[in-house]
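Undergrad: Residue numbers (this note's numbering): 9 to 793. Below are the structure tokens for one structure; questions will follow.
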DNA sequence: GCGGACTGCTTACCT
DNA sequence: ACAGGTAAGCAGTCCGCG
């Protein structure tokens, strides 16, 4: 193969690389590469540290095959990756102070990067689903036989099989799947795929028959995209039925009978049901273009669909770029190194102690792309950090900070410390100094900063292009997709420098980013206050200040940006032609109750340049899923009344009224008082047993719920319960066992009044709200009023 | 034996 | 299997107490 075609998918088998591609006739073909050798790299300086005997020893053990010194600055050590001794070799090298580079790579990943192989975007997609014998009840992967399968192509062609002979059924599935580049299912990573593989194993069918087909679990992607905004979408869960209802206004095919009964008595309905599930997933994708976007991201970064994780995408993207520049990156940490990395806690964003209160005309400013901006501005990267300065500079910073937390340190003291340190460590001004007193060279651009810069630049371009294109056209969809792609990648760059399992992990780097973010935020607070605007709250990249006059806002916004850019450039001697920092004026609340860190609620009237009028809340009870329905209703009602201008006395009367109504409630409805809590881990991992865990224990024994898996993506079951006696640790019942008894005192104190009181205390601080908590105490005190 | 102070666990949220 | 920061509620423990 002279001109390498775009590749659909690639894998390796010890010493061979398999490249799947489409020929001129659009047929799927495999190209096998037999003469590509695995290697890792070390720098030339590191190579000198390796004793010759060590290399000879491992060469004699057939671990080291060859040494390639042809590249600038690096030596490639060609090895037999499948020798177990390789790990001993790498460890031994580390003992000599040698850092093996990119020694974690698979053979195929290495090949794709070295040969700059492009990824094909024209993938043939099949949506698949299986049905299994459900007579035994409960779900256990591979326990019962598969009754049928269906695949629906993106061209709409349907494939379906159902037969007695399961072995043949599975063979047919492998055959049918093989014409697709990728098969897409719903929760298929945890159900369909492992089920099929288990049953294939049972029938001694070679699993490699499915090797050539990538697999995507569509549910997992949607969970990632929509889990944070479920309530906005009106989405209560991620069953296929629920998601279809919300996005497609359609439901799954209804059936009264069990799957097995359909298989026995109503084969047509089973077929319809099975195929329909595939179609639903297809229609979801047709509507949202999710796979289209994922495929774009893969082609852009040089990754494959079945390894679609931000970390993996970025890794490929960075590795390819650095290879082009003739650089090799660190090896991913071993399990032990990763555990070691985790022990070190990295400081994150700045959260100001809020000045709580009920405010008029609260304005929110927001740093656009805060962390990407910092990466670019200070040329941050592993390749630009001056390690010679780093050690002493770190010690100086630690000594100065002492046991204080950085957010508690006086801002001017911090500023002065940094200015002094700059003189000490970098008198010739050859570096950018970050707010954690680390120094990044100015003269060569770091890999990640140029990538992030490129990504942000691209994003601007796509946004510009979007304005010129017509909505609904393919070009528009393309541009928007790419805009999303570059945004996600730029924003994730920080994440991988703080990820203990990543080759880019480095606390000096990630804290250079986060703590400089803290510094910028506090600097902007200082500037706001210099202009007479008191900052009331701030979280990471946002600043809250109350300003009555709308007319001054455009001017203030402009002024703040000029000042911020000037100050930052001056303090850190950033030699930037254009202004990097973009502090946007983002929101206006006509009224806002600022309750606590990460908790506020108010009337939003202006957002991102548009007039709006809606209740907007963060972290308050109405947004939390474990709030009971009754509280949600009363709480929101009270908020509306307060926003509507309730006076103190009116609020007091309202609380009294609510209290009375609640205690006079004769037959509480279960629905109103159900507490919902989710399990987060396997039962054996629990150290304490709260009410929902106690209930779950029994449910688990009775096989009514399934054990929570350790994987992060797989949420545990939700437990719906009611507290009947708060004193008793077993004073709770499941919603289905509700007999009409609730612990009224508990519900009033904890579930209903407590959230209300948090608001009332802030809005009407002069009243002693505590006495309305305890029923008995209230009765007593009311005797005297 | 019981209650208050305290610690750490758990869940769910915010940026 | 990209991060840290935080509130609230409560389980569990320790301690004092003639």
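Glycine included, each C-beta is placed from N, C-alpha and C at the ideal position.
Within its chain, find whatever has a CB closer than 6 angstroms to the CB of residue 506; leave out the 5 residues flanking it on each side and keep chain order.
TA: 354 and 518
Undergrad: Assign residue 28 to one of three DSSP states: helix, strand, or coil.
TA: strand
Undergrad: Compare the Cα-Cα distances from residue 744 to each of 754, 541, 322 and 730 and report the closest residue.
TA: 730
Undergrad: So residue 600 is in the beta strand (DSSP E); what residue range does that whole segment cover?
TA: Element bounds for residue 600: 591-604.
Undergrad: For the beta strand (DSSP E) containing residue 193, list its first residue and its last residue.
TA: First-last of the beta strand (DSSP E) with residue 193: 190-193.
Undergrad: Can you tell me whether DSSP reads residue 385 as helix, strand or coil?
TA: helix
Undergrad: From 372, 420, 360 and 329, pick the residue whose C-alpha is nearest to that of residue 610; which is it?
TA: Selected option, being the one with the closest Cα: 372.
Undergrad: Using the Cβ count rule (16 or more neighbours within 10 Å means buried), how would you classify residue 452?
TA: That one is exposed.
Undergrad: Taking contact to mean 3 or more Cβ pairs, one atom from each stretch, closer than 8 angstroms, check whether the region 430-443 and the region 458-467 are in contact.
TA: no
Undergrad: Find the nearest neighbour of residue 154 within the set 476, 271 and 25, judged by alpha-carbon distance.
TA: 271
Undergrad: By a C-beta neighbour count over all protein chains shown, 10 Å radius and 16 as the cutoff for buried, is residue 31 buried or exposed?
TA: That one is exposed.
Undergrad: Out of 268, 44 and 313, point me to the one whose CA is closest to residue 15's CA.
TA: The option with the nearest alpha carbon to residue 15 is 313.
Undergrad: Which residue marks the beginning of the beta strand (DSSP E) containing residue 223, and which one marks its end?
TA: Annotation for residue 223: the continuous beta strand (DSSP E) segment containing it runs 222-225.
Undergrad: Measuring straight from C-alpha to C-alpha, what distance separates residue 720 and residue 586?
TA: At residue 720 the pLDDT is 49, less than 50, meaning the model places this residue with poor confidence and gives no usable figure here.
Undergrad: So, at 8 angstroms on beta carbons, what are the nonlocal neighbours of residue 104 in its own chain, with the 5 sequence-adjacent residues on each side left out?
TA: 57, 58, 59 and 62
Undergrad: Just list the beta strand (DSSP E) runs in the region 138-185, keeping only unbroken ones of 3 residues or longer that don't cross its boundaries, in chain order.
TA: List check, beta strand (DSSP E) in window: 154-161 and 166-170.
Undergrad: Does residue 622 come out as helix, strand or coil in the three-state DSSP assignment?
TA: strand
Undergrad: Alpha carbon to alpha carbon, how far is residue 195 from residue 294? Give it in angstroms, no decimals.
TA: 18 angstroms
Undergrad: If we ignore side chains and look at the alpha-carbon of each, how far apart do residue 283 and residue 158 end up?
TA: 5 angstroms
Undergrad: With residue 301 and residue 492 assumed to form a contact (beta carbons below 8 angstroms), what rounded beta-carbon distance in angstroms separates them?
TA: Yes, they are in contact, since the Cβ atoms of residue 301 and residue 492 sit about 6 angstroms apart, within 8 angstroms.
Undergrad: With a threshold of 6 angstroms on Cβ separation, who are the neighbours of residue 739 within its own chain once the five nearest residues in sequence on each side are excluded?
TA: 732 and 733
Undergrad: Just reading off the alpha helix (DSSP H) that residue 354 is part of, what are its end residues?
TA: That residue, residue 354, is in no alpha helix (DSSP H); it is neither H nor E in DSSP.
Undergrad: Please give the ranges of any beta strand (DSSP E) in the region 53-109, keeping only runs that are unbroken, at least 3 residues long and fully inside the region.
TA: 72-76 and 82-87
Undergrad: Do you know offhand how far residue 603's Cα is from residue 770's?
TA: When rounded, the distance between both Cα atoms is 6 angstroms.
Undergrad: Measure the beta-carbon distance from residue 440 to residue 527 and round it to whole angstroms, keeping in mind my assumption that it falls under 8 angstroms.
TA: Not confirmed; about 13 angstroms, so no contact.
Undergrad: Between the C-alpha atoms of residue 336 and residue 79, what's the straight-line distance to the nearest angstrom?
TA: Each residue's Cα considered, the two are about 11 angstroms apart.
Undergrad: On the DSSP bridge list, what partners appear for residue 439?
TA: 449
Undergrad: Distance, Cα to Cα, residue 352 vs residue 513?
TA: Their backbone Cα atoms lie some 11 angstroms apart in a straight line.
Undergrad: Just to confirm the assignment, what range does the alpha helix (DSSP H) spanning residue 745 have?
TA: For residue 745, no alpha helix (DSSP H) encloses it, and the DSSP letter there is neither H nor E.
Undergrad: Let me check understanding here. Comparing Cα to Cα, which of 424, 573 and 752 lies closest to residue 592?
TA: 573
Undergrad: For residue 26, which residues in the same chain have their Cβ closer than 7 angstroms to its Cβ, ignoring the five residues on either side in sequence?
TA: 18, 19, 20, 38 and 40
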